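Novice: Please find one structure pasted underneath; my questions will follow.
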Amino acid sequence: MAFDPLLLRPLFPILAQSAYDHPLTYLDNAATTQKPLPVLDAIQDYYRSFNANVHRGAHFLSDRATNRFEQARDTVANFINAPEQSHVIWTKGATEAINTVAFGLEHLLEKGDEILITSLEHHANLVPWQQLAFRTGARLRVLPLTSNGEWEPEFNRYFTDRTRIFAATQISNAIGVSTPLQTMLDHAKQQGAFTLVDGAQAVAHYPIDVQALDCDFYVFSGHKMYGPTGIGVLYGKNHALEVLLPYQTGGEMVRHVSYQATEFNVLPYRLEAGTPHIEGVIGLAAACDFLNSQDRLALLAWEQSLATHVYTRLHKEGGIEIYSPEKNTTLVSLSVPNIHILDLNAYLDSQGVAVRAGSHCAHPLMAQLGVAGTLRASFACYNTMEEANRFCDVLLEAIDLLNDE
Amino acid sequence: MTDSLGQQKPVNIKALLQACRNKEETFKTLVALSKTLPRLSVEEKTEENKIKGCESAVWLIMEENNGTRHFKADSDAKLMRGVLVAILSLVEGKTQTDIQQMDLKAELAELNLSSYLTSSRTNGVLAILDKINKA
Ligand SMILES: Cc1ncc(COP(=O)(O)O)c(C=O)c1O
Numbered sequence: 001m002a003f004d005p006l007l008l009r010p011l012f013p014i015l016a017q018s019a020y021d022h023p024l025t026y027l028d029n030a031a032t033t034q035k036p037l038p039v040l041d042a043i044q045d046y047y048r049s050f051n052a053n054v055h056r057g058a059h060f061l062s063d064r065a066t067n068r069f070e071q072a073r074d075t076v077a078n079f080i081n082a083p084e085q086s087h088v089i090w091t092k093g094a095t096e097a098i099n100t101v102a103f104g105l106e107h108l109l110e111k112g113d114e115i116l117i118t119s120l121e122h123h124a125n126l127v128p129w130q131q132l133a134f135r136t137g138a139r140l141r142v143l144p145l146t147s148n149g150e151w152e153p154e155f156n157r158y159f160t161d162r163t164r165i166f167a168a169t170q171i172s173n174a175i176g177v178s179t180p181l182q183t184m185l186d187h188a189k190q191q192g193a194f195t196l197v198d199g200a201q202a203v204a205h206y207p208i209d210v211q212a213l214d215c216d217f218y219v220f221s222g223h224k225m226y227g228p229t230g231i232g233v234l235y236g237k238n239h240a241l242e243v244l245l246p247y248q249t250g251g252e253m254v255r256h257v258s259y260q261a262t263e264f265n266v267l268p269y270r271l272e273a274g275t276p277h278i279e280g281v282i283g284l285a286a287a288c289d290f291l292n293s294q295d296r297l298a299l300l301a302w303e304q305s306l307a308t309h310v311y312t313r314l315h316k317e318g319g320i321e322i323y324s325p326e327k328n329t330t331l332v333s334l335s336v337p338n339i340h341i342l343d344l345n346a347y348l349d350s351q352g353v354a355v356r357a358g359s360h361c362a363h364p365l366m367a368q369l370g371v372a373g374t375l376r377a378s379f380a381c382y383n384t385m386e387e388a389n390r391f392c393d394v395l396l397e398a399i400d401l402l403n404d405e
Numbered sequence: 406m407t408d409s410l411g412q413q414k415p416v417n418i419k420a421l422l423q424a425c426r427n428k429e430e431t432f433k434t435l436v437a438l439s440k441t442l443p444r445l446s447v448e449e450k451t452e453e454n455k456i457k458g459c460e461s462a463v464w465l466i467m468e469e470n471n472g473t474r475h476f477k478a479d480s481d482a483k484l485m486r487g488v489l490v491a492i493l494s495l496v497e498g499k500t501q502t503d504i505q506q507m508d509l510k511a512e513l514a515e516l517n518l519s520s521y522l523t524s525s526r527t528n529g530v531l532a533i534l535d536k537i538n539k540a
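Going down the list, the sequences are from chains Z and F. The numbering used here puts the first residue of the first sequence at 1, with every later residue one more than the last. The numbering used here puts the first residue of the second sequence at 406, with every later residue one more than the last.
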């Protein structure tokens, strides 16, 4: 039986509103998704019934909070099939997770070492590596991927015996294409490099198995997978996490402190300085439960069918440049020659259609595509076919209104 | 409305914008207004004239003539050209002191343009106002 997004809508009350007298059509899900009631309820419940600092006090509430907090780690570990819950480190998002690795590995890098990324990266998986290269004298190299997410076989020369770190996104946030991750990871591993996968755009859509991927690090943000903002995950293999020097120090991450020295705590606490984002952790676990309670492949197929429908309709119209693939993606990224994307965005907004116009934190990729930015409609499980069509209709109206000739 | 701006036969830009009842009407009015803005030449679109902090490219040129100020501006985005028409209609031909005494943000808000001041496009428009004030 076909998946029906209308069954999910009641879980997302925010969607049932109008924007400037039009039904709100939220298609900016790659930026952040809306949160279902179970996530909102879990956060409320935390403050209403078990708010206390974790791992510290020995009292009724603190025990409850700590238990639920560590249960959440279990939930997230299962969600990505991590072998141990201690391999799940809480961060404030994908960005902080990548920075934790970039700073944590600094002590292992030498002048002339190479850090390899791909040409489809979000700035979050580019700038921390570039700055690490500046600090250490390592060289940042960029594996060129086509906008179809393909690479030329001769590109394996980018993986050298100097490659110490390889960091790649699983899915491009700007154009929605999947990268040839497994092949790239295999090449990187052959060279003995540390591997990091940016899963920020993948977790909401694809079941994730970090053991099958066999990467050293996997990072993502809660807010892009129906969870709260301000919470994210750094997963790492045990040995990979063990070699990271803590990027932040302070309370919680220590075992014993004197004025002369500090003995750090064990994983995962060693990499979690300070009071954590407890409500975020609780909310993220609820988001995992929400996704686990769904037929995830059915959600994915639905989201992809929306993107493919939009692609097909707009492709037929002609005169629209589409940068995302026709199939196997959950977003459509486009531009219209001679019309500014901000003008298109403004008209869509005036009709209650929320999309994103800009460079999507990927300036080098925009340069590769030869555009300043694109207009991106990105889908989530609660989006309907009517909304996909509404996006197309309003976009075509906007083009009509803005075309000079 | 095809006359060049603010000259002999001023279009009542304020009235046009204030009559807009919703975002869509404001959008359409701005698109119409954008057509009244004379485009800058390639030579005028210098880095120096470009305003930093705008999501769309915006160029602004100010000339002083007998103590009054005259502006030319352009953008690669149409709506921004409409907004520029509105902004320039407030300051065109005024003296520096006049302009500095104006609360441009409040005046734009009165023209139903506050959403252009509150979103990420904000910095853009604020940067334009800033440049006009500091010029
Ligand atoms: C592919 C990708 N990586 C990293 C990030 C950064 O995520 P956050 O801002 O939540 O840290 C994003 C968010 O836009 C993204 O799309």
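Built from N, CA and C at the ideal position, the CB exists for glycine as well. Remember, predicted model here, so these are calculated numbers, not experimental data.
What are the uninterrupted segments assigned as alpha helix (DSSP H) that are 4 or more residues long and contained completely in the stretch 10-40 of chain Z, given in chain order?
Specialist: For the stretch 10-40 of chain Z, not a single whole alpha helix (DSSP H) run of length 4 or above is found.
Novice: Tell me, please, whether the stretch 163-179 of chain Z touches the stretch 192-201 of chain Z by the rule of three or more beta-carbon pairs shorter than 8 Å.
Specialist: Cβ pair count under 8 Å is three or more, so yes.
Novice: Is it true that the CB of F:Leu438 sits closer than 8 Å to the CB of F:Gly498?
Specialist: It is not a contact, given that the beta carbons lie outside the stated cut-off.
Novice: For Z:Tyr20, which residues in chain F fall below 9 Å Cβ to Cβ?
Specialist: The answer, in chain order, is Asn427, Lys428 and Glu429.
Novice: Determine, using beta carbons only, whether F:Asn517 and F:Leu422 come nearer to each other than 8 Å.
Specialist: Going by C-beta atoms, F:Asn517 is nearer than 8 Å to F:Leu422.
Novice: Is the shortest distance between the beta-carbon of Z:Leu342 and the beta-carbons of chain F less than 8 Å?
Specialist: Judged by the 8 Å Cβ criterion, Z:Leu342 is in contact with chain F.
Novice: Considering only residues of the same chain and omitting the five flanking positions on each side of Z:Leu11, which have a CB-CB separation below 6 Å?
Specialist: Taken in chain order, the residues that qualify are Pro36 and Leu37.
Novice: Z:Glu110: which of Z:Leu120, Z:Leu140 and Z:Val127 sits nearest, CA to CA?
Specialist: With distances taken between Cα atoms, Z:Glu110 lies closest to Z:Leu140.
Novice: Is the stretch 222-236 of chain Z touching the stretch 27-46 of chain Z, taking contact as three or more C-beta pairs under 8 Å?
Specialist: Yes, the stretch 222-236 of chain Z touches the stretch 27-46 of chain Z.
Novice: Just tell me which of Z:Gln85, Z:Arg164 and Z:Val394 has its CA closest to the CA of Z:Leu314.
Specialist: Of Z:Gln85, Z:Arg164 and Z:Val394, the residue nearest in Cα terms is Z:Val394.
Novice: Exposed or buried, what is Z:Met253 when buried is set at 16 or more other beta-carbons lying within 10 Å of its beta-carbon?
Specialist: Buried, by the Cβ-count rule.
Novice: Under three-state DSSP, which class holds Z:Gly176?
Specialist: If DSSP states are grouped into helix, strand and coil, Z:Gly176 belongs with coil.
Novice: Tell me which residue opens and which closes the alpha helix (DSSP H) that Z:Glu279 is part of.
Specialist: It spans Ile278 to Asn292 - the alpha helix (DSSP H) in which Z:Glu279 sits, taken as one unbroken run.
Novice: Output yes if chain F places a C-beta closer than 8 Å to the C-beta of Z:Ala346; else output no.
Specialist: It does: the Cβ of Z:Ala346 has a partner Cβ on chain F nearer than 8 Å.
Novice: Can you tell me where the beta strand (DSSP E) with Z:Leu116 in it begins and where it stops?
Specialist: Taken as a continuous stretch (DSSP letters only), the beta strand (DSSP E) holding Z:Leu116 covers Glu114 to Thr118.
Novice: Would you identify the three-state DSSP class for Z:Val233, choosing helix, strand or coil?
Specialist: Z:Val233: strand per DSSP, three-state reduction.
Novice: Between Z:Arg296 and Z:Pro207, how many whole angstroms is the CB-CB distance? I'm expecting something under 8 Å.
Specialist: Rounded, the Cβ-Cβ distance is 5 Å, consistent with contact.
Novice: Consult DSSP for F:Asp408 and reduce its assignment to one of helix, strand or coil.
Specialist: Confidence in F:Asp408 is poor, its pLDDT being 44 and thus under 50, which makes the residue's placement unreliable; the coordinate value appears in the next sentence. Coil.
Novice: Between the stretch 442-468 of chain F and chain Z, which residues of the former have a C-beta closer than 8 Å to a C-beta of the latter?
Specialist: Flagged, chain order: Glu460 and Ser461.
Novice: Using a C-beta cutoff of 8 Å, does F:Asp481 count as contacting chain B?
Specialist: Considering every chain present, this structure includes no chain B. Its protein chains are Z and F.
Novice: Express the C-alpha separation of Z:Val210 and Z:Asn78 in angstroms, rounding to a whole number.
Specialist: Rounded to the nearest angstrom, the two C-alpha atoms are 10 Å apart.
Novice: So is F:Asp503 buried or exposed if we call it buried at 16+ other beta carbons inside 10 Å?
Specialist: Burial call: exposed.
Novice: Applying a beta-carbon distance threshold of less than 9 Å, which residues of chain F neighbour Z:Asp349?
Specialist: Simply Lys428, Phe432, Ser520 and Ser524.
Novice: Identify which residue in F:Met507, F:Asn454, F:Asn427 and F:Lys539 has its Cα closest to the Cα of F:Leu465.
Specialist: Ranking the options by Cα distance to F:Leu465, first place goes to F:Asn454.
Novice: Would you be able to state if there are at least three C-beta pairs under 8 Å between the stretch 371-383 of chain Z and the stretch 39-47 of chain Z?
Specialist: The answer is no - the stretch 371-383 of chain Z does not touch the stretch 39-47 of chain Z, with fewer than three Cβ pairs under 8 Å.
Novice: How big is the Cα-Cα spacing for Z:Leu132 and Z:Thr100?
Specialist: Each residue's Cα considered, the two are about 11 Å apart.
Novice: Among Z:Ala354, Z:Ile115 and Z:Thr384, which one has its Cα closest to the Cα of Z:Ala301?
Specialist: The option with the nearest alpha carbon to Z:Ala301 is Z:Thr384.
Novice: Roughly how many angstroms separate the alpha carbons of F:Cys425 and Z:Tyr247, rounded to a whole number?
Specialist: Computed Cα separation, rounded: 53 Å.
Novice: Mind reading off the beta-carbon distance from Z:Thr75 to Z:Cys288? Whole number of angstroms is fine, and I expect it under 8 Å.
Specialist: With 8 Å as the limit, Z:Thr75 and Z:Cys288 qualify as a contact, their Cβ atoms being about 5 Å apart.
Novice: Starting from the Cα of Z:Ser221, find the closest Cα among Z:Gln351, Z:Ala124 and Z:His55 and give me that residue.
Specialist: The residue with the shortest Cα to Cα distance from Z:Ser221 is Z:Ala124.
Novice: At a cut-off of 7 Å, would you count Z:Thr169 as near ligand 1, judging by its Cβ distance to the nearest heavy atom?
Specialist: Z:Thr169: yes, Cβ under 7 Å from ligand 1.
Novice: Z:Ala346: which of F:Ser520, F:Leu534 and F:Val530 sits nearest, CA to CA?
Specialist: The option with the nearest alpha carbon to Z:Ala346 is F:Ser520.
Novice: Suppose contacts are defined by Cβ-Cβ distances below 8 Å. Is F:Lys483 in contact with F:Val436 by that definition?
Specialist: For F:Lys483 and F:Val436, yes; Cβs fall inside 8 Å.
Novice: Could you have a look at Z:His360 and say whether DSSP puts it in helix, strand or coil?
Specialist: Residue state, collapsed to three classes: coil.
Novice: Determine the DSSP secondary structure at Z:Thr312, reduced to helix, strand or coil.
Specialist: In this structure, Z:Thr312 counts as helix in the three-state DSSP scheme.
Novice: Using 8 Å as the threshold, is the C-beta distance between Z:Ser378 and Z:Leu27 below it?
Specialist: A contact, by the Cβ cut-off of 8 Å.
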